[in-house]
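Following: one structure in structure tokens, then a few remarks.
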Amino acid sequence: MPLKDALVNRHHEPIDLTRRRTLQGHVKMARSKFEEIRLALTERKMQTVEALSDLSGAFASAMVDDHDQTVGEVVACNTEMSLTDRSVKLGVLGMAIGTELDLDGPSVLEIGMAGLLHDIGLYSMDPAFSVPGRGAFSEEETWEYRKHPVVSANSLREVSDIPHSVLLAIEQVHEQYNGAGYPFGLEGKRIHIYARILNVCDTYLRLTLGTGFRKALVPHDALGFILHQARYGSFDPQVIHALLRTKSLFPLGSRVELTNGKWADVIRRPVEGYACPVLQLSDGERFDMQENPDEVVQPTCDPQRNQGRLSIDAMKNIRWNPADELFFDEE
Ligand SMILES: [Fe+2]
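Residues -9 to 321 in the working numbering are what the sequence shown lists, from first letter to last.
Below, the structure is given as structure tokens:
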């Protein structure tokens, strides 16, 4: 049965504070679990998948209980975050997209596991590699860095009973649909579906996280940029479509400005289409754009997340390979 059929419809409900605390608890649990796995890998101790599937299971049930709040709150990037936090975001967004693509529960859990573990090999490499958004690498560092999907998969292969599909996804997460990715330059459907999903999620997270030399893109612009880049075949089109359905054009968890100058947070995706989500105004009031068709909102920078906007020109004219860093002048 597709997991999508199990999602509870909470479209008319506000953000729940108890659920927020539960989600924060899951993230905390992920941090300690990761520390355990990291130590076990260094000591080459056998690991079973149970603990990991419990962890992705916890996020999956949060998502079933309230998709929009879980995706909105867990996936939003903060200015500073650890590799663990980023891996949790990747796992949760990957599970949401897998759900949107009508995958069943066990497959969605495997995507979550692959997302959680995909960068585990970075811990045994140059410590600078495990700081998300550290910035541009030298040519030599880039060569070294591009080995990390294989290092991650190999270190897990030796000491765990993780399913083969999860290991494949970890190894292929940086492959691009048009063959421009690494480490093997695989193309199209030769890349495992989990990896095609996680690759799009990874790109979205990279764009919405700032680096040492550029601001974070506001989520709306990151999504727009990905949609423009999709023309060059870098991503699986069905995954791009699912990303749009999952996050909506004004992504869950992002901030918008109304015509009266007030700001609001996007709390629920639209029931239909992509452009009219439900907002929560700064005074706490719920505002469904579908019921207010005359209201026009603009994405806006969240000052606490050091965000910048990308001009339409840049969006249209930059041709970018996600295997490289992105340089642009912010608006
Ligand atoms: Fe990676």
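Heads up, the beta-carbon is just placed ideally off N, CA and C, and yes, glycines get one too.
Other residues of its chain near residue i: CB distance less than 8 Å, five sequence neighbours each side excluded
{"i": "P260", "result": "S238, C266, P267, V268, M279, Q280"}
{"i": "N296", "result": "T69, G200, K205, A206"}
{"i": "D44", "result": "none"}
{"i": "D94", "result": "M(-9), P(-8), L(-7)"}
{"i": "M53", "result": "L(-3), T60, V61, V82, M85, A86, T89"}
{"i": "A50", "result": "L(-7), M85, G95, V98, L99, G102"}
{"i": "Y222", "result": "N168, R309"}
{"i": "D109", "result": "L73, R76, S77, S120, H138, S142"}
{"i": "R124", "result": "A118, T201, G202"}
{"i": "K306", "result": "H218"}
{"i": "L188", "result": "L80, G84, I101, A104, G105, H108, A159, V163"}
Beta-carbon proximity list for residue i, same chain, < 7 Å, skipping 5 on both sides
{"i": "P312", "result": "Q166, T193, S224"}
{"i": "S155", "result": "E100, H182, Y184"}
{"i": "I308", "result": "F318"}
{"i": "K252", "result": "L271, S272"}
{"i": "S244", "result": "V208, P209, H210, V256, P289"}
{"i": "Y113", "result": "R28, S120"}
{"i": "A212", "result": "Y194, L197, T198"}
{"i": "A304", "result": "F318"}
{"i": "R276", "result": "P4, V268, Q270"}
{"i": "M71", "result": "P122"}
{"i": "H16", "result": "A48, F49, A52"}
{"i": "E63", "result": "R10, L13, G243"}
{"i": "N(-1)", "result": "none"}
Through-space distance from residue j to residue i, alpha-carbon basis
{"i": "L107", "j": "R299", "result": "31 Å"}
{"i": "V78", "j": "A104", "result": "10 Å"}
{"i": "M115", "j": "R235", "result": "36 Å"}
{"i": "E285", "j": "V65", "result": "26 Å"}
{"i": "F203", "j": "E247", "result": "26 Å"}
{"i": "Q219", "j": "W310", "result": "7 Å"}
{"i": "P227", "j": "Q162", "result": "17 Å"}
{"i": "T12", "j": "H1", "result": "20 Å"}
{"i": "N250", "j": "Q294", "result": "22 Å"}
{"i": "P153", "j": "A159", "result": "10 Å"}
{"i": "H231", "j": "Y264", "result": "10 Å"}
{"i": "Q14", "j": "C291", "result": "24 Å"}
{"i": "D92", "j": "N144", "result": "30 Å"}
{"i": "I302", "j": "E26", "result": "45 Å"}
{"i": "R136", "j": "D314", "result": "10 Å"}
{"i": "G274", "j": "E262", "result": "24 Å"}
{"i": "S46", "j": "A254", "result": "30 Å"}
{"i": "L157", "j": "L7", "result": "36 Å"}
{"i": "P283", "j": "C67", "result": "29 Å"}
{"i": "V39", "j": "E134", "result": "28 Å"}
Which residues DSSP lists as bridging residue i, in chain order
{"i": "D116", "result": "In the DSSP output, where bridge partners are listed per residue, D116 has none listed."}
{"i": "G274", "result": "Its beta-bridge partners do not exist; DSSP assigns none."}
{"i": "P241", "result": "None, per the DSSP bridge assignment."}
{"i": "T201", "result": "R204"}
{"i": "V256", "result": "L269"}
{"i": "V246", "result": "A254, P289"}
{"i": "Q294", "result": "According to DSSP, Q294 bridges with nothing at all."}
{"i": "P(-8)", "result": "D94"}
Nearest-angstrom Cβ-Cβ length linking residue i and residue j, presumed shorter than 8 Å
{"i": "R186", "j": "V229", "result": "5 Å"}
{"i": "I87", "j": "L233", "result": "6 Å"}
{"i": "K(-6)", "j": "T89", "result": "5 Å"}
{"i": "A41", "j": "K18", "result": "Not a contact, Cβ separation roughly 15 Å."}
{"i": "D56", "j": "R9", "result": "6 Å"}
{"i": "F240", "j": "V287", "result": "7 Å"}
{"i": "D58", "j": "R258", "result": "5 Å"}
Close Cβ partners of residue i (< 6 Å) along its chain, the five nearest in sequence each way excluded
{"i": "G169", "result": "G175, E177"}
{"i": "L316", "result": "W310"}
{"i": "H164", "result": "P139, G171, Y172"}
{"i": "G111", "result": "H138, V141, S142, S145"}
{"i": "K35", "result": "none"}
{"i": "A126", "result": "E315"}
{"i": "C191", "result": "L80, L83, G84"}
{"i": "R21", "result": "T74"}
Minimum Cβ-Cβ distance from residue i to chain B less than 8 Å
{"i": "M85", "result": "In the structure shown, chain B does not exist; there is a single protein chain."}
heavy atom of ligand 2 below 7 Å from residue i C-beta
{"i": "D109", "result": "In terms of ligand content, the structure shown lacks ligand 2 and carries ligand 1 instead."}
Between the stretch 169 to 176 and the stretch 194 to 214, do three or more beta carbon pairs fall short of 8 Å? no
Three or more C-beta pairs closer than 8 Å, one from the stretch 126 to 135 and one from the stretch 78 to 90: is that the case here? no
Cβ contact (3+ pairs, closer than 8 Å) linking the stretch 141 to 151 and the stretch 26 to 35: yes
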